[in-house]
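Student: For the sequence shown, my numbering gives the first residue as 103, with consecutive numbering after it.
Before I ask anything, here is the structure I am working with.
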Amino acid sequence: MTREYHLSLVGLAGSQSAVAVCSLNGRDYRLELRLDDGRAVIADERDYFECLLTVRRQLQAEGLRVCCQGARRDVWPSGMARDMGSGLGAYVLTSAPGRPELVAVFDPADLALIGTVEEQEAHFRSWWEHRTGRQLDT
103 MTREYHLSLV GLAGSQSAVA VCSLNGRDYR LELRLDDGRA VIADERDYFE
153 CLLTVRRQLQ AEGLRVCCQG ARRDVWPSGM ARDMGSGLGA YVLTSAPGRP
203 ELVAVFDPAD LALIGTVEEQ EAHFRSWWEH RTGRQLDT
């Protein structure tokens, strides 16, 4: 099954549209991000969230940010969301008690909420250590 999502990318030269095409490639999940300029950035990973991280790392090197929920500084999937949901859902990680809000990783998000992959990973580590009192194994 193939799914498509329409996304915005923002960089120093302005914004552009892209289509994220999610499919399977053998045992891996595949994300092909088709940019308006004709290029495609492709990642094959263990789930769609990991694909998104890989694609974002490539685009960050060009100064581009993907404006979707999965690129927010404060969003990260649980193990179950990755295993059972193929990484298409993730949680908004706050210090508030209770269950975090679940968001669809390819839904649109405001640029002000978007971070780099490194910022997002750092926020997850900090949230985890605060929430559990334990350091995250890397």
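Glycine included, C-beta positions come from ideal geometry on N, C-alpha and C.
Computed from a predicted structure; not experimentally measured.
1) Spatial neighbours of W229 within its chain, please: CB distance less than 6 Å, with the 5 preceding and 5 following residues excluded, ordered by chain position.
2) Are the Cβ atoms of Q222 and R167 separated by less than 7 Å?
3) Are L133 and A145 closer than 7 Å when you measure CB to CB?
4) Return the residue from the list S197, R201, Y193 that minimises the CA-CA distance to G172.
5) Should G165 go down as buried or exposed, given a rule of 16 or more other Cβ atoms within 10 Å for buried?
6) What residues are listed by DSSP as bridge partners for A122?
7) Determine whether the beta carbon atoms of Q162 and T218 lie at a separation below 7 Å.
8) What's the gap between the Cα of L155 and the Cα of R236?
9) Would you list, in sequence order, the uninterrupted beta strand (DSSP E) runs of no fewer than 3 residues that lie entirely inside the stretch 158–231?
10) Can you check DSSP and say which residues form a bridge with D149?
11) Please tell me whether G181 and F151 are closer than 7 Å, where the distance is taken between their beta carbons.
12) Just confirm the distance between the C-beta atoms of D149 and R184, as a whole number of angstroms; I'd bet it's less than 8 Å.
13) Look up G235 in the DSSP assignment and give the residues it is bridged to.
Tutor: Looking at the atomic coordinates:
1) In chain order, L195 place their CB closer than 6 Å to the CB of W229, counting only its own chain and leaving out the 5 sequence neighbours on each side.
2) no
3) Against a cut-off of 7 Å, the Cβ pair of A145 and L133 comes out as a contact.
4) Y193
5) exposed
6) Y107, L135
7) yes
8) The alpha-carbon atoms of L155 and R236 are separated by roughly 24 Å.
9) Counting only runs of 3 or more residues that sit fully inside the stretch 158–231, the beta strand (DSSP E) segments are 191–194, 203–206, in chain order.
10) Paired residue(s): none; D149 is not in a bridge.
11) With a cutoff of 7 Å on beta-carbon distance, G181 and F151 are scored as not near each other.
12) 5 Å
13) The partner list for G235 (beta bridge, DSSP) is empty, contrary to what the question assumes.
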